[in-house]
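Novice: Just so you know, the sequence shown maps onto residues 5 to 379 in this note's numbering. Here a beta-carbon is modelled for each residue, glycine too, at the ideal position from N, C-alpha and C. These figures come from a predicted structure and were not determined experimentally.
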Amino acid sequence: MVPQSHSGSATANPLIAPDPAPPALKNKPKKKSLRRRAHDHSQQLRLVFQAVFLLVNIWLGGDFYLWVRQFEVTSSAYSLKRPAGVEGWLPVAGMMNLKYWLATGHIPAIHPAAMFLLLAFLSIAFLFRKAFCSWLCPVGTISEYLWRAGRRIFRRNFRLPAWLDIPLRGLKYLLLGFFLWAVADMSADAIANFMHTPYGLIVDVKMLDFFRFLGVTGLVVVSLLVVASLFVENFWCRYFCPYGALLGLVSLASPLRIRRNAETCIDCEKCAKVCPAWLPVDRLGSVRSAECTGCLACVAVCPVESALAMSLPRRLESKRMRNGLPAWAMAAGIALLFLGLVGFAKATGHWQSHVSNAVYRQLIPHPSEAQHPMP
Ligand code: SF4
Ligand code: SF4
5 MVPQSHSGSA TANPLIAPDP APPALKNKPK KKSLRRRAHD HSQQLRLVFQ AVFLLVNIWL
65 GGDFYLWVRQ FEVTSSAYSL KRPAGVEGWL PVAGMMNLKY WLATGHIPAI HPAAMFLLLA
125 FLSIAFLFRK AFCSWLCPVG TISEYLWRAG RRIFRRNFRL PAWLDIPLRG LKYLLLGFFL
185 WAVADMSADA IANFMHTPYG LIVDVKMLDF FRFLGVTGLV VVSLLVVASL FVENFWCRYF
245 CPYGALLGLV SLASPLRIRR NAETCIDCEK CAKVCPAWLP VDRLGSVRSA ECTGCLACVA
305 VCPVESALAM SLPRRLESKR MRNGLPAWAM AAGIALLFLG LVGFAKATGH WQSHVSNAVY
365 RQLIPHPSEA QHPMP
């Protein structure tokens, strides 16, 4: 593995590695008068989004666990309501329901939240690159905490050599291809039938059981991923996550992308060094890669105003957007899309599965009956 140096310049920014040597703007040929970028708050904003979304997921997980436990330990009153937000962890159910909706025009009755959450994340990917991965996803957040911890402990992260990195990156697309093929192979009727089977109705409980009753193999795999994530930035996301692969492919159609102005760029390479997706930002006119997560870390360290920004193609830019999309606008857009679609689903009665607690009691086995199969 290749040790990775980090010389980002955001000295006041907790998410960017400090750089004691600020760039010498005066060394740049005087093409134009270069202005230093004002202090950038994008990474603090992103940190807050990540932490809030992680806490929401922990709360949802705890709530869901208690909801399941009420069927396992009591025999009469089932007062707790199922938190449908856990369906964000069912992306395949979301894809199946999306296909069902597109094919029939009817919003599915079982796990509709999975579809609305998938739609929210696809919309975010279309508008703001793979921002779900770097702003919202709890797995991405934990991955980032781990490689930052690794950098503190070992004073560096590592990058795999290209001959290993490139084929490994293909794995997530293979996994995605398998899931897309499986969903594409099902008719709308087959999807509806599957969703109404006992397994389909409680596939979320099966997912919880998978993690609750993780076997030795599962524990070893998770431990290996955790250790690897200490050394390599976003190890799981970069090589294995099919959800990120899907969002990355959608993000290729996004009109917004990181764009570099070669006229004002002073070739300091800070953007490339800080990029957690290892993209050569300093050599690109615009970042088209499906690996870009829209984290804005490159923009945050760029010392020159107007050299680097998340922006529209020049022909679509308004005067107000000359310096690109501000981080607050990106954050507001992500929040609006997420809350808007969740709010719409709730307001129209398409958030909760149409299944009563009495039916769930029939389906969720007591611990003595459970066999804990894979989800
Ligand atoms: S190019 Fe910039 S926005 Fe994209 S992943 Fe790299 S640092 Fe983040
Ligand atoms: S775009 Fe990259 S290389 Fe150019 S000035 Fe900004 S950080 Fe430096």
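Is the segment 57-68 in contact with the segment 169-180, if contact means three or more CB pairs nearer than 8 Å?
Specialist: At 8 Å Cβ cutoff, the stretches do not touch.
Novice: Quick check: the segment 185-198 against the segment 331-346, are there 3 or more CB pairs under 8 Å?
Specialist: Result no; under three Cβ-Cβ pairs closer than 8 Å.
Novice: For Gln356, I'd like the list of residues in its chain whose CB is within less than 6 Å of its CB, leaving aside the five on either flank, ordered along the chain.
Specialist: The answer, listed in chain order, is Ala88.
Novice: Near Phe53, which residues of its chain fall below 6 Å by C-beta distance, leaving aside the five closest residues on each side in sequence?
Specialist: Cβ neighbours of Phe53 beyond the five flanking positions: Trp139.
Novice: Rounded to the nearest angstrom, what separates Leu234 and Val143 at their Cα positions?
Specialist: If you take the alpha carbons of Leu234 and Val143, they lie about 14 Å apart.
Novice: Is DSSP giving Val308 helix, strand or coil here?
Specialist: Looking at Val308 - three-state DSSP - the assignment turns out to be strand.
Novice: Using the rule of at least 16 other Cβ atoms within 10 Å of the residue's Cβ for burial, across every protein chain shown, is Phe132 buried or exposed?
Specialist: Looking at its Cβ environment, which holds 16 or more other Cβ atoms inside 10 Å, Phe132 is buried.
Novice: Under the three-state reduction of DSSP, which class applies to Phe244: helix, strand or coil?
Specialist: Reduced to three states, the DSSP call for Phe244 is coil.
Novice: As an exercise, report each continuous alpha helix (DSSP H) stretch of at least 4 residues that is fully enclosed by the segment 67-133, in chain order.
Specialist: Here the runs fully enclosed are 95-108, 116-132.
Novice: Using a 10 Å radius around the Cβ and a threshold of 16 neighbouring Cβ atoms, would you call Glu237 buried or exposed?
Specialist: Answer is buried; the Cβ neighbour count reaches 16.
Novice: Within 10 angstroms of its Cβ, does Glu267 collect 16 or more other Cβ (buried), or is it exposed?
Specialist: Glu267 comes out exposed.
Novice: From the DSSP output, in three-state form, read off Asn426 for me.
Specialist: Residue coverage of the chain in this structure runs from 5 to 379, which leaves residue 426 outside it and unanswerable.
Novice: Going straight from the alpha carbon of Val77 to that of Trp240, what length do you get?
Specialist: Looking at the two C-alpha atoms, the distance is approximately 36 Å.
Novice: Within the same chain, show all residues whose beta-carbon is closer than 7 Å to that of Val230, passing over the 5 residues directly before and after it, in chain order.
Specialist: Contacts found: Leu150.
Novice: On a Cα-Cα basis, can you pick out the residue from Tyr203, Ala196, Ile62, Leu122 that is closest to Gln366?
Specialist: Among Tyr203, Ala196, Ile62, Leu122, the Cα nearest to that of Gln366 is on Tyr203.
Novice: Tell me whether Asn161 sits in a helix, a strand or coil according to DSSP, three-state version.
Specialist: Three-state result, Asn161: strand.
Novice: Closest by CA to Arg160, which one among Cys299, Ile368, Pro280?
Specialist: For Arg160, the nearest C-alpha among the options comes from Pro280.
Novice: Whole angstroms are fine: how far does the CA of Cys272 sit from the CA of Met314?
Specialist: If you take the alpha carbons of Met314 and Cys272, they lie about 19 Å apart.
Novice: Quick check: does the Cβ of Gly248 come within less than 7 Å of any heavy atom belonging to ligand 1?
Specialist: Answer for Gly248: no, Cβ out of range of ligand 1.
Novice: Between the segment 221-229 and the segment 112-121, are three or more C-beta pairs nearer than 8 Å?
Specialist: No, they do not touch.
Novice: Less than 7 Å between the CB of Val285 and some heavy atom of ligand 2, yes or no?
Specialist: Yes - ligand 2 has a heavy atom lying nearer than 7 Å to the Cβ of Val285.
Novice: Would you tell me roughly how many angstroms separate the C-alpha atoms of Gln74 and Ser147, rounded to the nearest one?
Specialist: Between Gln74 and Ser147, the C-alpha separation is close to 32 Å.
Novice: Do the segment 212-219 and the segment 122-131 touch if we need at least three Cβ pairs shorter than 8 Å?
Specialist: No contact exists between the segment 212-219 and the segment 122-131.
Novice: Which first and last residues belong to the beta strand (DSSP E) in which Arg216 is found?
Specialist: It is not in any beta strand (DSSP E) - Arg216 instead sits in the alpha helix (DSSP H) that spans 207-216.
Novice: Helix, strand or coil for Ala257? Go by DSSP, reduced to three states.
Specialist: Note: Ala257 maps to coil in three-state DSSP.
Novice: From Glu309 to Leu84, what does the alpha carbon distance come to, in whole angstroms?
Specialist: For Glu309 and Leu84, the distance between alpha carbons rounds to 53 Å.
Novice: My output table needs one value for Met314: the three-state DSSP class, helix, strand or coil.
Specialist: It is a strand residue.
Novice: Does the distance from the C-beta atom of Cys275 to that of Cys302 stay below 8 Å?
Specialist: In this structure, Cys302 lies closer than 8 Å to Cys275 by Cβ.
Novice: Quick one: is the Cβ of Cys296 within less than 7 Å of any heavy atom of ligand 2?
Specialist: Because no heavy atom of ligand 2 lies under 7 Å away, the Cβ of Cys296 does not count as near it: no.
Novice: Identify every run of the alpha helix (DSSP H) within the segment 274-300, keeping only runs that are complete inside it and at least 4 residues long; order them along the chain.
Specialist: Counting whole runs of 4 or more residues, the segment 274-300 contains the alpha helix (DSSP H) stretches 274-278.
Novice: Run through DSSP, which three-state label would Leu338 get?
Specialist: Just to set this straight, residue 338 is Ile in the shown sequence, not Leu. Helix at Ile338.
Novice: Let me confirm a value: Val90 is counted as buried when at least 16 other C-beta atoms fall within 10 Å, else exposed. Which label applies?
Specialist: By the 10 Å Cβ count, Val90 comes out buried.
Novice: For Arg287, which residues in the same chain have their Cβ closer than 6 Å to its Cβ, ignoring the five residues on either side in sequence?
Specialist: Nothing meets the Cβ criterion.
Novice: Which one of Ala117, Trp71, Tyr104 has the shortest CA to CA distance from Lys350?
Specialist: Among Ala117, Trp71, Tyr104, the Cα nearest to that of Lys350 is on Ala117.
Novice: Could you tell me the alpha carbon to alpha carbon distance between Leu29 and Ile270, rounded to whole angstroms?
Specialist: Any reading at Leu29 must be qualified, since the residue scores a pLDDT of 46, below 50, and its modelled position is unreliable; the value itself is stated next. Roughly 7 Å separates the two Cα atoms.
Novice: Using CA atoms only, rank isn't needed, just tell me which of Trp71, Asp208, Ser293 is closest to Arg173.
Specialist: Comparing Cα-Cα distances from Arg173 to each of Trp71, Asp208, Ser293, the minimum goes to Ser293.
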